[in-house]
Amino acid sequence: MRCLWVALIGPLCLIPWKASQGDAIRALKATSSPLENPSGSRFRRIPKETSGLNLTHHFPDEAPLRLFQDFGASAGICTGDIDQDGLPDVFVGNYNQGARLYRNLGGLRFEDITHSSGISTGQKWCTGAGFADLDNDGDLDLHVCAYRSENMVFLNDGKGHFQETAQSLGLNFNGASIMMSFADYDQDGFLDGYLVTHRYVDIADSKLPSNTRETMDRNLLKRGKSGYEIAPAYEELFGIVDKGGGRMELMITGQADHLFQNNQGQRFTDVSHSAGIAGNDIGLAAIWWDYNDDGAPDIYVSNDYKGADKLYENQKDGTFKNVHLRALPYVPWSSMGSAIADINNDGLVDLIASDMAGTSHARRNLINDDLNRERWFYLATLPKQVRRNTVFLGTGSERVLEAAAFAGLSQSDWTWSPKFGDFDLDGDVDLFITNGMARDFLHGDLLEVMREKGNAQWMQYPIHKERDLLFENKGDLRFRLGGSPWGIDSLEASFGASVCDLDRDGDLDILITHLEAPVTLLENTSGEGERLLIELEGVESNRKGIGSKITLTTSHGMQTRYLGANSGFMSADEPVAHFAVPEGIDQASLEILWPNGRLQTARLTQWNAHHLIQEAPDLSPVVSRESGKTEPLYAGIQLPPDLMHHENPYDDFAVQPLLPARLSNLGPPLAVADVNRDGLEDFYLGAAIGTPGKLMIQSEGGSFTAGTIQHLKQDVMMEDSDALFIDVDSDGDEDLLVLSGGVAYPEGSKGYSDRYYQNDGTGQLRSIPDFALGTTPQSGGVITSADVDHDGDLDLFVGRRTVPRQFGQSPISGVFLNQDGQFVEDPHWSKDHEGRIGMVHGAVWTDVNQDGWMDLMVATDWGPIRLWQNQGGSWKETTVEAGLEELRGRWRGLSAGDVDGDGDMDILATNIGRNDDTDGNRALPHGLLTGSLEGVPHPILIELYEQGGRVYPLRTRNALFNGVPGLAERYPSYESFARVDKDALIQALPIKNRQILRVHTLDTGLLINDGEGHFMFRPLPPLAQLAPSFGALIQDVDGDGWQDVVLGQNATTRSP
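Following our numbering, the numbering of the sequence shown begins with -8 at its first residue and continues without gaps.
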């Protein structure tokens, strides 16, 4: 071995290639010239006659039709250098018709060496495949999954000749295998494997019974301790879901997944049960992802249909814990493939899980989403599931952020294999996606045909061909859909994919498998940028360095690659890291964090080269991932374990099916004050219907115990929407006001009564009967106080969020003056608008023009932020003059503070952000069409958005038909409704009192005050736009003299 020590930070050992006597740094060949690619596109399709990749996937004529729907997805593909000649070779599965192994001859030419290599899959139904060094001898072995046959392992002799050894290795599992994903989870230097499985679809007992009687006749259930359970013989076919109210639903499930531990390369042991791997889901992909950046690989499992995706956190003791409820905001409904990369170059690894959301309005409305039948599942189950892709951003903590819609990646059609790579060599990873299906089994009209018993007409429908997509990374978490300029424009049913520099010119080429079409080879002809390939050889770590985190730092910035063994769907890439930077970069530093936690660093001076780097001896001690992390600004306080908020079950959509979001479960209000005057802050935590709110008294040392609050009996049946401590009666102690909200009761019900709890001076609160803020009870929203009339006591603004069961109408909000402990309506407030100022979600008192009088700013939903200036006790709306009229949004809250340090008060305005399911980056402006329709007791609500210059209804066909009578008769088929726009809907529906509430921004941001009450809006950075923001605080949290922003985020209230 020869070690090169150049500009050394740590030893960078370059080892000779085993297949040659040359240096361990290999120069990359020049890329294709523009003359070689006359189309000018970035990718060029290489014909099979030229490449030699001549395999066409044809679904077997004799195969059962029931296999076609679940296992028609062609087969897996993987790449790797099997003979160590420096060129990556290709393996392609092929149903039960014999897989193929192709040797790379150079120049993007391949020869079929299946027979001579010893690879034979016979008539086994091949699914996923991947190269990995299973015996840790330095060469790539091959693992191939099979459906209802034993999985296969082909050990490599180092020269590209293989011997099948699955049985002796303990990996000959026989079932509904999809893919084995490899990583060294126990850090012993050997690769372990996680096997994701699907479901049996072609055996007699796998069909779901049509009714309860058939269920009992087939003996699918048995009585258990807590009710009915699935009989043991059917545990890998069916499951039971609790629908609530004593109702159960039988559903199809899959096989159990399996975790195999590698015993020093000699044999694998199934440790699933002892390791904590559990459940029977319909799996489609599994990928190792160090989501919390603690150095131990975790497992993300993509599951189809009602089985939620799982995130198994590595406990570093040989066991795993499913933390999807704690770590993930929500997961895809029909999770397909997955891939990992650092998409925002922050040094943390992110993950995409793909679904089937259409990229066009027409496509989304051709899909039968079964909304009515599945609504209960959306509303009742955890984690929440969404019908779109998800992109999870690593944060280095125990919780990730979700960013798909903000990034422009939430909708990509029927997606199987997401594949990350820097395809344009600009230093940012882009995303390639395969799309299509054997038939369009989501098409509502086709599903109607399939539900007709004995009707086989569905087989006459064509293959569902879609365009593969490439999303270009534009930085700042933004991706832009590419197309013809990239050369990604063919129409196929595409499934597996492998990304690899096949011709060793330093850019990434793409291989794709299709149904009824040859394997596609797309040559990348990019001519710009400096390129770098990094291959690893472990010594203490596994030989290919799988699980290593490689970071390249240049003057252009930082890039991080996590070296994994598989990604996408049933596919794997060559275990080589690829980097690129703009031309002209000369100096770079390279950091390799090996799977065992040891750090290796060096300076890099040679670009456009393939570097083989060996794990150096005597590296620094194991790095503690925790040591480099930022210390938290706040320490947690242990609260009583029973201090938990529990929402009462209520289906808002049963009354107004087209509500944009639920109004009944917005969470509890929180109010803070020193109620017993002991110098310590106490708090009140509100509650939902059926549970009393709680007063918590702080003791010395920071502990809390329950205080005394005497509720009236009827108070418990009210929903707390906001709370405020205020000295109502000017006796020197803090009283409590609570607004009752939600939509559970009819308009005007006593269930919306406002409440006053008077403090007796010792911190004990009692409910004062017959208290009211206004003449009739209204659903509350927000309450805030200030001395608006300069009389020495505190007055109120009470903002109402909604008219119950009449969303879209403006409730009556008001200003109330405190007169000797009694609140009366300010006669100057409502003379111009009668209090109907919109659906109020937030308000703040602040002196915007520094005249000594408190002005009022109000945040409305589907409207502007409105400003009323206090002119000596009278009111003048100056929304337009302040520059706020066109700032129409889905506003949620307001907070005041001097952010820019100029002496006046700026405003933090919270909004729903641009990561909503509406795909907020591209759907603005959008609006809400409201009005009345004969025979409908509530306002019609139709959300609108713009695409391609036309305005469409946002909600899908099934949702609209459920909420708007008459549409089903007018548009009887999915095809007839797919392209209906706003104008066509208006013509079809006799909507009276029609209006459109428009939205121009969804950003949370700062309103910078010029000191005279005029404001300039500045959106907060991208991370702040990834979730709806509600509570907000402006405060110097780090003690640097500047006001910081703290946001309370997240919601699961959006309509399914």
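Don't be surprised by glycine CBs; every beta carbon is placed ideally from N, CA and C.
Burial state of residue i (16 or more Cβ within 10 Å)
i	result
N165	exposed
S217	exposed
M347	buried
G31	exposed
R883	buried
A626	exposed
N95	buried
M731	For clarity, residue 731 is Ser in the given sequence; the question names Met instead. When all chains shown are included, S731 counts as buried.
G559	buried
P660	buried
S776	buried
P288	buried
H637	exposed
Residue i versus residue j - alpha carbon distance
i	j	result
I803	R355	38 Å
D846	S865	10 Å
N840	L885	17 Å
V1028	L624	7 Å
Q689	E304	35 Å
A569	D413	Just to set this straight, residue 569 is His in the shown sequence, not Ala. If you take the alpha carbons of H569 and D413, they lie about 8 Å apart.
G520	H1005	47 Å
R430	E457	11 Å
W280	A484	28 Å
L(-5)	I525	Confidence at L(-5) is low in this model, with a pLDDT of 31, below 50, so the placement of that residue should be treated as unreliable; the coordinate-derived value is given next. L(-5) and I525: Cα-Cα distance of roughly 15 Å.
N656	L58	42 Å
P323	A299	8 Å
Y962	F968	6 Å
H547	P632	49 Å
D248	D175	18 Å
G466	M687	46 Å
C69	M170	12 Å
V666	V232	46 Å
G286	A950	45 Å
N515	D895	55 Å
E250	R317	Checking the sequence, you will find Leu at residue 250 rather than Glu. The straight-line gap from Cα to Cα measures roughly 22 Å.
Endpoints, beta strand (DSSP E) assigned at residue i
i	result
F397	Counting along the chain, F397 falls outside any beta strand (DSSP E), though it belongs to the alpha helix (DSSP H) covering A395 to A398.
G732	D726 to G732
G954	No beta strand (DSSP E) contains G954, which is instead part of the alpha helix (DSSP H) from R948 to G954.
G466	L460 to G466
L935	I931 to Q938
D341	D341 to A344
Y943	R941 to P944
Beta-carbon separation (whole angstroms), residue i vs residue j, contact threshold 8 Å
i	j	result
N380	A344	7 Å
W585	G529	7 Å
I583	F173	About 19 Å; that fails the 8 Å criterion.
G771	R791	6 Å
L1053	D124	What the structure shows of the chain is the stretch from -8 to 1047, and residue 1053 is not part of that stretch, so it cannot be assessed.
N85	A66	6 Å
Unbroken alpha helix (DSSP H) run spanning residue i, endpoints
i	result
T105	T105 to S108
K973	K973 to A979
F59	L56 to F62
K983	Note, K983: premise wrong, no alpha helix (DSSP H); beta strand (DSSP E) at K983 to V990.
F368	L362 to A371
Y747	Here Y747 belongs to no alpha helix (DSSP H); instead the beta strand (DSSP E) covers R746 to N750.
D889	Premise fails: D889 is in no alpha helix (DSSP H) and is neither H nor E.
R379	Note, R379: premise wrong, no alpha helix (DSSP H); not H, not E.
Closer than 6 Å: residue i CB and nearest the ligand ADP heavy atom
i	result
S694	By its list of ligands, the structure shown contains no ligand whatsoever, and the ligand ADP lies outside what it can speak to.
Complete runs of the beta strand (DSSP E) confined to the region 519 to 605 [at least 3 residues]: 521 to 528, 540 to 545, 548 to 553, 568 to 572, 579 to 584, 590 to 595 and 600 to 605
Beta strand (DSSP E) runs wholly inside the region 779 to 858, at least 3 long, in chain order: 786 to 790, 805 to 810, 813 to 816 and 830 to 837
Completely contained beta strand (DSSP E) runs for the region 154 to 220, where each covers 3 or more residues: 165 to 174, 183 to 188 and 212 to 215
For the region 273 to 321, list the beta strand (DSSP E) runs that are entirely contained and at least 3 residues long, ordered along the chain. 273 to 280, 289 to 295, 301 to 305 and 311 to 313
Can you list, in chain order, the stretches of the beta strand (DSSP E) that have 3 or more residues and sit fully within the region 113 to 147? 116 to 123, 132 to 141 and 143 to 147
Write down every uninterrupted run of the beta strand (DSSP E) in the region 601 to 684 whose length is 3 residues or greater and which is fully enclosed by it, in chain order. 661 to 664 and 673 to 676
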